[in-house]
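FYI, in this note's numbering the residues of the sequence shown are 857 to 1376.
Heads up, the beta-carbon is just placed ideally off N, CA and C, and yes, glycines get one too.
Just below is one structure, and these are the notes that go with it.
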Amino acid sequence: MSSRDARFDGQFITGVHSTGIYCRPSCPAATPKPANVSFYLTTAAAHEAGLRACKRCLPDAVPGSPEWNIRDDLAARAMRLIADGAVERDGVPGLARRLGYSERHLTRVLVTELGAGPLALARAHRAQTARLLLQGSELSISAVAFAAGFGSVRQFNDTIAAVYERTPTELRRTLQRPTRPARPRSPSPESAQAVPSAATGISLQLPARAPFDGPGLLRFLAVRALAGVERATAQVYSRTLRLPHGPAWVELTLLGTDAAPSVACRAGLASLADLAPLVSRVRRLLDLDADSRAIDLALAADPALAAGVAATPGMRLPGSIDPEETLFRALIGQQVSVAAARTALTRLTAALGDAFPGAAGAPAPGGDQPGTDQHGSDQPLRLFPTAARIAAEGRSVLRGPAARIDTIMRVAEELSTGALTLSFGDTRADLESRLTALPGIGPWTAGYVALRVLGSPDILLTSDLALRQGAARLGLPPDARNLARHGEDWAPWRSYAGMHLWRAAGTPAADLPRTPSSGR
857 MSSRDARFDG
867 QFITGVHSTG
877 IYCRPSCPAA
887 TPKPANVSFY
897 LTTAAAHEAG
907 LRACKRCLPD
917 AVPGSPEWNI
927 RDDLAARAMR
937 LIADGAVERD
947 GVPGLARRLG
957 YSERHLTRVL
967 VTELGAGPLA
977 LARAHRAQTA
987 RLLLQGSELS
997 ISAVAFAAGF
1007 GSVRQFNDTI
1017 AAVYERTPTE
1027 LRRTLQRPTR
1037 PARPRSPSPE
1047 SAQAVPSAAT
1057 GISLQLPARA
1067 PFDGPGLLRF
1077 LAVRALAGVE
1087 RATAQVYSRT
1097 LRLPHGPAWV
1107 ELTLLGTDAA
1117 PSVACRAGLA
1127 SLADLAPLVS
1137 RVRRLLDLDA
1147 DSRAIDLALA
1157 ADPALAAGVA
1167 ATPGMRLPGS
1177 IDPEETLFRA
1187 LIGQQVSVAA
1197 ARTALTRLTA
1207 ALGDAFPGAA
1217 GAPAPGGDQP
1227 GTDQHGSDQP
1237 LRLFPTAARI
1247 AAEGRSVLRG
1257 PAARIDTIMR
1267 VAEELSTGAL
1277 TLSFGDTRAD
1287 LESRLTALPG
1297 IGPWTAGYVA
1307 LRVLGSPDIL
1317 LTSDLALRQG
1327 AARLGLPPDA
1337 RNLARHGEDW
1347 APWRSYAGMH
1357 LWRAAGTPAA
1367 DLPRTPSSGR
């Protein structure tokens, strides 16, 4: 705290009892006396202690804690679901059911671990969502209240006053001062003609923890982008998606500086109640909360990875917008190249994906070529097929070995009936065991889905051919057994090491960064 190191912003909260406020660690205010300070893991715990947010540093306007992705215990799983809006949709009873515990036990664990129960944690999250809406939209105050998940305008006003010591109007006026970060750029006339026109538009700016290899992450998404659903360039990624209350589209643009990276998020939502899930899933997709300095420091200790880490600091782990979609993409991508998987998935989307509601020139389901409007744009205009649609009609569209098609159809049926569920609140062990219990799903598929959906940081897919090819290029063991043994030293960051190996596999040998001491 005394060092005002921004690396720790979002990882803990500093409560100053002499002033009654809580701050981010990098707050420029004078350092208080140690006797007056307490530390908290969440803003909700600080609220429960009777503290309010610092007006100067806005401690909730920072990258989130990486703890909830690193840890796999009950508290971390609950935090992932609360951030996704589970309490607003299903209440505390629904949250407890999804986690497999009683409400009483869940509350006891969260209070013990995090200093606040599920209702207080959800309340703090609603306040943060409200701040985003006040900052990034022109919605009326009452509309912001209900969109953020509050039951009444009075409850909203009371919460904002307790957290920020301001009225919503005053908070909006402060946040929209001239020094506020610029909003995302306006789309070009060409893209504006094809951007889906559904619902309420909103613009936000999401901070990332430095260093942040945003361009590398977008390249990973670009080579896997499905025409009609996604579009990616060097600086922008856009796609359609399904959220709890309806379809949405999102456009993400890399902004900021190396020291303070951020992502501009422009979105259209069928319901503003989906803002919190959208922000949560975007942050997970781009791994914005990762503690990159800690990861890079650990991986750079291996001479084989040191040059790659130095050349590409802040490597991120691409996450998932939709767990079911990620599972189907993994199943169709088994034992084929990325290009072949992309072709097969594009064909599936063309046949079974619904047209995005209100999209300019979007073809009707089953109609003409998806993703191309009357102006020839390749902007996202389709939704990825649902499990129910694949279960009903997928066999007539899917190509390849009969055993693989049977597996995909079986999974689609299980998902559509609810016999199989995937959730951001799953543990890695439970998710992998449920998947591998199904015929035709092996460790690679289960591990890849856990890596993408849960953001599990310590999965090394040694059976992956491309990953082993990348290892060989870096002078590491190319066989699965010896690579796994070598990779034990990368724990608990083996997923990020795997990203470096995948990148090495796709980089020409002449362009690979070299570690001087290695002699290669």
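Leu988 places its beta carbon 8 Å or farther from that of Ala900.
Scanning the segment 1111-1177 from its first residue to its last, the whole alpha helix (DSSP H) runs of 4-plus residues come out as 1131-1142, 1148-1155 and 1159-1167. Excluding five sequence positions before and after Leu1183, the CB atoms of its chain that fall closer than 6 Å to its own CB belong to Val1305, given in chain order. Spatial neighbours of Cys879 in its own chain (CB-CB distance under 6 Å, excluding positions within 5 residues in sequence) are listed in chain order as Thr870, Cys910, Cys913 and Pro915. For Arg1341, the number of other beta carbons within 10 angstroms of its own is below 16, and it is reported as exposed.
In the three-state scheme derived from DSSP, where H, G and I count as helix and E and B as strand, Gln991 is classed as helix.
The beta carbon of Ala1116 sits closer than 7 Å to the beta carbons of Ala1066 from its chain, once the five residues preceding and following it are set aside; these are given in chain order.
Residues Val1000, Pro1024, Leu1027, Arg1028 and Leu1031 of the same chain have their beta carbon placed closer than 7 Å to that of Leu990, with the five preceding and five following residues left out of the count. DSSP places Pro1103 in the strand class (E or B) of the three-state scheme. Of the residues assessed, Gln1191 falls on the exposed side of the cut-off, its CB having fewer than 16 other CB atoms within 10 angstroms.
DSSP places Ser1351 inside the alpha helix (DSSP H), whose first and last residues are Arg1350 to Ala1361.
Restricting attention to Arg908, Leu1239 and Ile926, the CA atom closest to the CA of Ala1150 is found in Ile926. As for any beta strand (DSSP E) of minimum length 3 sitting wholly inside the segment 880-957, the runs are 893-896, ordered along the chain.
In the three-state reduction of the DSSP assignment, Gly1057 falls in the strand class, which pools E and B. With respect to Gly971, Leu897 sits close: the two C-beta atoms are nearer than 8 Å. Only residues of its own chain outside the window of five on either side were considered, and among them Pro1067, Phe1068, Asp1069 and Ser1148 have a CB closer than 6 Å to the CB of Gly1170, listed in chain order.
With a cutoff of 8 Å on beta-carbon distance, Arg1095 and Val1079 are scored as not near each other.
In the DSSP assignment, Arg1203 falls within the unbroken alpha helix (DSSP H) covering Val1194 to Leu1208.
Just so you know, the alpha carbons of Leu1201 and Ala1211 end up roughly 16 Å apart. Taking 8 Å as the cut-off, the Cβ atoms of Arg1266 and Leu1294 count as close.
Thr1109 places its beta carbon less than 8 Å from that of Val1092. Here Thr1318 carries a coil assignment [DSSP, helix/strand/coil].
Short of 8 Å from the beta carbon of Ser858, and not among the five residues preceding or following it, lie these beta carbons of its own chain, in chain order: Thr887.
At the C-beta level, Gly1084 and Thr1199 stay beyond 8 Å of one another. Non-local C-beta neighbours of Thr1283 in its own chain, meaning closer than 7 Å and more than five positions away in sequence, comprise Asp928 and Arg933, ordered along the chain. Taking C-beta atoms as the reference points, Ala1064 and Val1009 fail to come closer than 8 Å.
Between Ala1123 and His1101, the gap from beta carbon to beta carbon reaches 8 Å or more. Rounded to the nearest angstrom, the Cβ distance from Ala931 to Val965 is 6 Å, consistent with a contact under 8 Å. For the options Pro922, Pro884 and Gly906, the alpha carbon positioned closest to that of Pro1313 is the one of Pro922.
In this structure, the beta-carbon distance from Gly1175 to Leu1131 does not fall below 8 Å. Look at Pro1063 here: in three-state DSSP terms it is strand. If you look at Gly1303, you'll find it in the alpha helix (DSSP H) that goes Pro1299 to Leu1310.
Three or more beta-carbon pairs separated by less than 8 Å are not found between the segment 1005-1020 and the segment 949-959, which leaves the two stretches without contact.
Ser1351 counts as buried, since at least 16 other C-beta atoms from the protein chains shown sit within 10 angstroms of its C-beta.
The C-alpha of Ala1247 lies about 5 Å from the C-alpha of Glu1269.
Of the candidates Leu1097, Pro1179, Gly947 and Leu1074, the residue whose Cα lies closest to the Cα of Ala1088 is Leu1074.
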